[in-house]
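**Q** Could you have a look at this structure, given as structure tokens, before my questions?
Chains as they are written, first to last, in the working numbering: chain S, 1 to 426; chain V, 1001 to 1650; chain Y, 2001 to 2410.
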């Protein structure tokens, strides 16, 4: 027995030698920082499962740099300060090589100082308000110009909307997006009086007055469209009221930025057919990669589960990270970061996503009409749109640009040609 | 490149397979194929016009198929067909010209043309003149909807033509209305327009206002000196009074009538470019952190001619005074604009009155929701004095009961009728259980009850999450509750809200009946007033408390079904209502159901009222409502309707 | 009476000694100054727990000693955090802006600096103008004063109105809860200049200490929190020991009798309510720089209920009870929700603590209220063989906040 053991040890040692010298410490740890309890669990648990599935698939392919990947899952419990604490724990106690996580903007703002201080690497998979570019964060979700602006263009050009109701939940994403849109619409010749803005609390349920206000907008003979950044549960009451008021998508179309396949599963969509959503991904996209992805997901989680946009963002982000690590031959953050720029990976919707030096992706923008089965019928798909960290449609940020590759600065003032700051403002 | 290829292919196809004489429709479609395939509202109009103006008998069919997403292109040869799915899961292709099936194809060999709703509307407008006299009344209605959505000058003539032959009186009325509106907007004859305007004045329809308002659209214009006489001027703008001076100056700059202002940032940049040996325009650089010094330096530079001079306030005022700013009607005829604005003023008054009515309806609806959520609490807290923090979770339990019932009984009407008593039963049982296990040990300790029931509340909420997940669950109302009761285009209320109102009224009656007309009510009142005396009169305290608490909880469960129907079913449903419910009871006055009703009305109307003042921020409305309630309680601690005398208990 | 006083003194001494030993142990084991056995994130957790213990003491003073079940003390805690957060955020941003503008060819005007700072803090959501509430944000001294003043004034005005109208018992609880809700909704609004839902973030980066590693900063804050807790404890002991404390207990058990004896009951209540609000504000000001971010969700009504529950579980009416309750429940909670607790396989079902912990916690409130009104602190009474007075089931007084027979000790 002893001889066997020593033999085994010897073989292992030999095998260890055979592994190329550049191999990182095994196993390579992937931190997963998504809320598994609390209010955000509803959305984030799905992403945790996505990450586990991706890690599993990568291990089945033989791991990375000759190492097994190990997912380290923690639960920040939808508690924003806890996100910072757990991120610190992941980076300094578990010593993970990369973190995939966060959903809300406030949780990202909470984590930012920690990943910047400890030089970690975070992949953030959700569409967000932009106006940020951190050296240590890759934003795989949509920036406003990859979701809001094309959707507004669609309203203006394809639907001929002349009067806008911007309805949103009162937090930073809708606020910023609506600010950008207001300024964008005015640049497109829409008068200030033709833009109606309303903010409601999280989980708002009494929508009668607001829906009536929107209908009344039609009184001056202009076609009205609603751009909705309403978040989460509140959408259910909103769409129910919309249906009750008998507003068809042909009269007043509604385009939503936060309503995907998951959210529709809590609703009877028969009365909502034709209303729209804008994302970078829909489950109904036709491509081979997407079919495989959906199949793997359903096999793991059950047939009734749907896929959505942030899942695709994690899919792209994870695979790009794997390729960058392979190219860098190490998991060292700075080396991987250097290899991330220009990384390409096929989208699930067809085409190729490219990682830009401003840490955003170039991705196509899709617009879908809601169908009675809770899926989206894709009515418009653009070419890849490069994500813009600092929007061009607000005077303060139009001057700014982000380039971590050549300028090594996330907030570069192109007018004075100076770097405003290298750390983020959180 | 791709389109070029398609075009060449289409040409090739037309010359070989498709002969214009045999297949004129296909020929037109092939000619327009690039535009059709581009599928964009911006470019598609010529293609639609080509089909509708072709004069072919098939034009209507093609457009209808296109609009209904029934137009398919065969990938192999680029020909267009109408296609329907067959039982074998492939598609039968109908040729437009012959109207016959010319073959079948798999969906992978076909491409469906999916016009977006903008294109569908364009097609709809093109279809109007075909459909206005269509034998199918549905199509005639569709045509009228199209007219309503996209009114246009060219629709007036076909609409008038179709009036005479319209057999259906209802559609005829719609057509006449549409004709009036089009006349107002587009008729060439001024008198007829004014007649139509005065005819429609006082009508509340959104469409009337939507026609009148564009007639009064204006543009800003600026003139050196007084404006020309011939213009139809809506308003003369006076800088500093009816228009901001800065705005007025910007108009001048935009019209190239004045030099642009120089912004602080431009000054800074200009100064930075002209630093010479540590000074700019004679001012040392280190002193430029003072805005006045910057202006001085800039003025010095301007004198040297290095930078454009900045117009000073005096210069700006002079330039403004030399110009006149006016709002000019786009419509040249003064008579038409006068008539239209008069009509709009009349309508505005009626609209205002109706909006007030609508606001009252909204307030009533919110009142009934708050009342329904609080009526259970009015029993457990108001009558028994038990602080039940788990009240919200009983509401949630009721909503989930409704959801579960709907999973088992698919018929929506039957399931709701079943869910209401079942929700009552479930929460009644839960209430009795909680009363027996927890509350009865703490009857004279309300603060401890608060904490213990809070514990129950978070446990129940988490249990709901474990069982049903965190995802919101659908609870769908029966079809007869879909839609809204629309009195006119301004005043409308959804049927589901009316149902909640009725339900709230019903439970008010139930409460009054039980408390005033039944033995249980008598005993409850006795127990709450003086438990010892009641016990010595032979009343079973335990039983009365248990039943009363169960009743309160049961009503909360029914409220849950109602709230789930109009909003959402999640595990956090209850916590959204708990603070408001307590405030409703406290504001109204504890121990009196009319007080609870008054409290609900006050909170509901207050919130809607504040929302009306500030329609863009609903959150602010809620905040101010709560602050107002806090202040109210400070000055009237016993609520709106305070119990007096012995009933007050202490 | 003499014995009780000694007993209280003894518990104070024991508490302070334990606190000192604990502080020393953590210091020695910390990453910043010790051998690194305790990670920085755990030092932060412990430091935050000490702050929670401090706010629990203030809660115990109002509820355990004066019978006012305030469901607003966590709001005061949050306000303290907001006040210190404003300075931290302003100053840190100003440093960044100053460095960046120093390279400009032309020295910036005061207005330009202020605009740039505002633009950084509020981003595109706010205007470039600083809202009025930020008037003192450039001064550390002023903001530290506001840490005490803002909660104090709010509590003072609210308490004056409420106590004057004789709002008491559960009505006061509901009213304080409404106040907390209104405050958190107010802070939620972006228009009000405190960055809405995002709140104030990056608070762990102390201006001027950019080069000091967080490992060290965390230990400093830990010391600060330990000192504040010790001092706060002593202050609380002093308050409840003398005549003031006796009157408070009298108000708790039978307010009417105390009033008839000629004491200005409202003044006593108001002073205590305001004072504990200030104490809560100080605790919050120490807590949030360790947490790193404060946002309106921190002030949600549920947080204040939890605060009351901590005190109840620790044992109300005894100061060390509050400390034990706050420390134990918050640490155990974070252990269970952190995914570190092992799952319990039952064969047919696996209990995952992430899912079931709240159920257990909720039921344990019920159990403590029903069966162990003395809370964990009651264990010490068992040790000392102190027994509850025999009052035949009657409470100590007629008021809603009065101690129960089983809660009291001789």
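Backbone N, C-alpha and C define an ideal beta-carbon position, used for all residues, glycine too. Owing to the predicted nature of the structure, the values given are computational and were not obtained by experimental measurement.
If you follow the alpha helix (DSSP H) that residue 1377(V) is part of, which residue opens it and which one closes it?
**A** Residue 1377(V) sits at position 377 when you count from the first residue of the second chain. Where residue 1377(V) is concerned, the enclosing alpha helix (DSSP H) stretches over 1334 to 1377.
**Q** Under 7 Å Cβ-Cβ, which residues of chain Y neighbour residue 106(S)?
**A** Translated into positions along the first chain, residue 106(S) becomes position 106. Per Cβ cutoff of 7 Å: 2197, 2198, 2199 and 2295.
**Q** If I measure Cβ to Cβ from residue 2063(Y) and keep anything under 8 Å in the same chain, skipping five residues before and after, which residues do I get?
**A** Residue 2063(Y) sits at position 63 when you count from the first residue of the third chain. Answer for residue 2063(Y): 2069, 2070, 2308, 2311, 2316 and 2401, listed in chain order.
**Q** Can you tell me whether residue 2134(Y) is buried or exposed? The criterion is at least 16 other CB atoms within 10 Å of its CB, across all chains shown.
**A** Position 134 of the third chain, counting from 1, holds the residue named residue 2134(Y). Buried is the call here.
**Q** Leaving aside the five residues before and after residue 1129(V) along the sequence, list all residues of the same chain whose C-beta is less than 7 Å from its C-beta, in chain order.
**A** By one-based count along the second chain, residue 1129(V) stands at place 129. These residues qualify, in order along the chain: 1158.
**Q** For residue 359(S), is the classification buried or exposed, using 16 other Cβ atoms within 10 angstroms of its Cβ as the cut-off for buried?
**A** The residue labelled residue 359(S) in the question sits at position 359 within the first chain. When all chains shown are included, residue 359(S) counts as buried.
**Q** Is residue 2276(Y) close to chain S? Criterion is C-beta to C-beta, closer than 9 Å.
**A** Against the third chain, residue 2276(Y) aligns to sequence position 276. Chain S contact via Cβ: absent.
**Q** Since I believe residue 405(S) is in contact with residue 384(S) (beta carbons under 8 Å), could you give me their beta-carbon distance rounded to a whole number of angstroms?
**A** Sequence index remark: in the first chain, residue 384(S) carries index 384 (1-based). Sequence index remark: in the first chain, residue 405(S) carries index 405 (1-based). About 18 Å separates the two Cβ atoms, so there is no contact after all.
**Q** Does residue 394(S) get closer than 9 Å to chain V when you measure Cβ to Cβ?
**A** Counted from its first residue, the first chain places residue 394(S) at position 394. No, residue 394(S) lies away from the interface with chain V (no Cβ there is under 9 Å from its Cβ).
**Q** Which stretch, first to last residue, makes up the beta strand (DSSP E) that contains residue 198(S)?
**A** Within the first chain, residue 198(S) is the residue found at index 198, counting from 1. Where residue 198(S) is concerned, the enclosing beta strand (DSSP E) stretches over 195 to 200.
**Q** Taking the alpha-carbon positions, what's the residue 2057(Y) to residue 2227(Y) distance?
**A** As a working mapping, residue 2057(Y) is identified with position 57 in the third chain. As a working mapping, residue 2227(Y) is identified with position 227 in the third chain. Each residue's Cα considered, the two are about 14 Å apart.
**Q** Run the CB neighbour count on residue 2349(Y), radius 10 Å, all protein chains shown included, and call it buried at 16 or more, exposed below.
**A** The residue you call residue 2349(Y) lines up with position 349 of the third chain. Classification of residue 2349(Y): exposed, given that the 10 Å Cβ count is below 16.
**Q** Would you tell me roughly how many angstroms separate the C-alpha atoms of residue 2048(Y) and residue 2287(Y), rounded to the nearest one?
**A** Locating residue 2048(Y) in the third chain gives position 48, where the first residue counts as 1. Locating residue 2287(Y) in the third chain gives position 287, where the first residue counts as 1. Whole-angstrom Cα-Cα distance: 5 Å.
**Q** Quick check on DSSP: helix, strand or coil for residue 1133(V)?
**A** If you number the second chain from 1, residue 1133(V) lands on position 133. Coil at residue 1133(V), not helix or strand.
**Q** Check for me: the alpha helix (DSSP H) holding residue 1032(V) runs from which residue to which?
**A** What you label residue 1032(V) is simply residue 32 of the second chain in a count that begins at 1. Unbroken alpha helix (DSSP H) run through residue 1032(V): 1024 to 1038.
**Q** Between which residues of its own chain and residue 1160(V) is the CB-CB distance below 7 Å, once the five residues before and five after are set aside?
**A** Within the second chain, residue 1160(V) is the residue found at index 160, counting from 1. Contacts found: 1179.
**Q** Please state if the CB of residue 177(S) and the CB of residue 238(S) are separated by a distance shorter than 9 Å.
**A** As a working note, residue 238(S) is residue 238 in the first chain. As a working note, residue 177(S) is residue 177 in the first chain. Going by C-beta atoms, residue 238(S) is not nearer than 9 Å to residue 177(S).
**Q** Tell me, please, whether the segment 210 to 225 of chain S touches the segment 241 to 258 of chain S by the rule of three or more beta-carbon pairs shorter than 8 Å.
**A** With the cut-off at 8 Å, the segment 210 to 225 of chain S and the segment 241 to 258 of chain S touch.
**Q** Against chain S, with Cβ distances strictly below 9 Å, would residue 1001(V) count as a contact?
**A** Translated into positions along the second chain, residue 1001(V) becomes position 1. Because residue 1001(V) carries a pLDDT of 49, less than 50, the predicted location of this residue cannot be relied on, and the following value inherits that uncertainty. Chain S contact via Cβ: absent.
**Q** Taking just the CA atoms, how far does residue 2353(Y) sit from residue 201(S)?
**A** As a working note, residue 201(S) is residue 201 in the first chain. As a working note, residue 2353(Y) is residue 353 in the third chain. Going by the C-alpha atoms only, they are around 31 Å apart.
**Q** Suppose you measure from the CA of residue 1335(V) to the CA of residue 1201(V); what does that come to, to the nearest Å?
**A** In the second chain, the residue the question calls residue 1335(V) occupies position 335. In the second chain, the residue the question calls residue 1201(V) occupies position 201. Residue 1335(V) and residue 1201(V): Cα-Cα distance of roughly 15 Å.
**Q** Per DSSP, what kind of secondary structure is residue 1537(V) in: helix, strand or coil?
**A** For the purposes of this step, residue 1537(V) is taken as the residue at position 537 of the second chain. Correct three-state label for residue 1537(V): coil.
**Q** Over what stretch of residues does the alpha helix (DSSP H) that includes residue 2133(Y) continue unbroken?
**A** Indexing the third chain from 1 puts residue 2133(Y) at position 133. Note, residue 2133(Y): premise wrong, no alpha helix (DSSP H); not H, not E.
**Q** With a 10 Å radius around its C-beta and 16 neighbouring C-beta atoms as the bar for buried, classify residue 2212(Y) as buried or exposed.
**A** Residue 2212(Y) sits at position 212 when you count from the first residue of the third chain. Under this definition residue 2212(Y) is an exposed residue.
**Q** Could you list the residues in the segment 1453 to 1479 of chain V with a C-beta less than 7 Å from some C-beta on chain S, going in chain order?
**A** Residues 1470, 1471, 1472, 1473, 1474 and 1476.
**Q** Pick helix, strand or coil for residue 2191(Y), following the three-state DSSP scheme.
**A** Sequence index remark: in the third chain, residue 2191(Y) carries index 191 (1-based). Helix at residue 2191(Y).
**Q** Tell me the DSSP secondary structure of residue 1125(V) in three-state form.
**A** Position 125 of the second chain, counted from the first residue, corresponds to residue 1125(V). Helix at residue 1125(V).
**Q** What residues from chain V crowd round residue 2106(Y), counting only those whose CB sits closer than 7 Å?
**A** The residue you call residue 2106(Y) lines up with position 106 of the third chain. Under the 7 Å cutoff, chain V gives 1268, 1271, 1272, 1285 and 1288.
**Q** Run the CB neighbour count on residue 1471(V), radius 10 Å, all protein chains shown included, and call it buried at 16 or more, exposed below.
**A** Within the second chain, numbered from 1, the residue matching residue 1471(V) stands at position 471. Answer is buried; the Cβ neighbour count reaches 16.
**Q** Which class does residue 1239(V) belong to by DSSP, given the choice of helix, strand or coil?
**A** In the second chain, the residue the question calls residue 1239(V) occupies position 239. Three-state DSSP puts residue 1239(V) in a strand.
**Q** Should residue 1210(V) be flagged as near chain S, meaning a C-beta pair shorter than 9 Å?
**A** On the second chain, position 210 is the one that residue 1210(V) refers to. Chain S, which has a Cβ nearer than 9 Å to the Cβ of residue 1210(V), makes this yes.
**Q** For residue 40(S), I'd like the list of residues in its chain whose CB is within less than 6 Å of its CB, leaving aside the five on either flank, ordered along the chain.
**A** By one-based count along the first chain, residue 40(S) stands at place 40. Counting only Cβ-Cβ distances below 6 Å, and skipping sequence neighbours, we find 78 and 103.
**Q** From the beta carbon of residue 2059(Y), is the nearest beta carbon of chain V less than 9 Å away?
**A** Within the third chain, the letter at position 59 stands for residue 2059(Y). Chain V contact via Cβ: absent.
**Q** Which residues share a DSSP beta bridge with residue 1103(V)?
**A** Position 103 of the second chain, counting from 1, holds the residue named residue 1103(V). Note: residue 1103(V) sits in a beta bridge opposite 1093(V).
**Q** Tell me whether residue 1613(V) is buried or exposed, calling it buried when 16 or more other Cβ atoms sit within 10 Å of its Cβ.
**A** Residue mapping note: residue 1613(V) aligns to position 613 of the second chain, counting from 1. With fewer than 16 Cβ atoms within 10 Å of its Cβ, residue 1613(V) is classed as exposed.
**Q** Could you name the residues of chain S that residue 2253(Y) contacts, counting a contact when the two beta carbons are closer than 9 Å?
**A** Residue 2253(Y) sits at position 253 when you count from the first residue of the third chain. In chain order: nothing, as chain S lies at least about 38 Å away.
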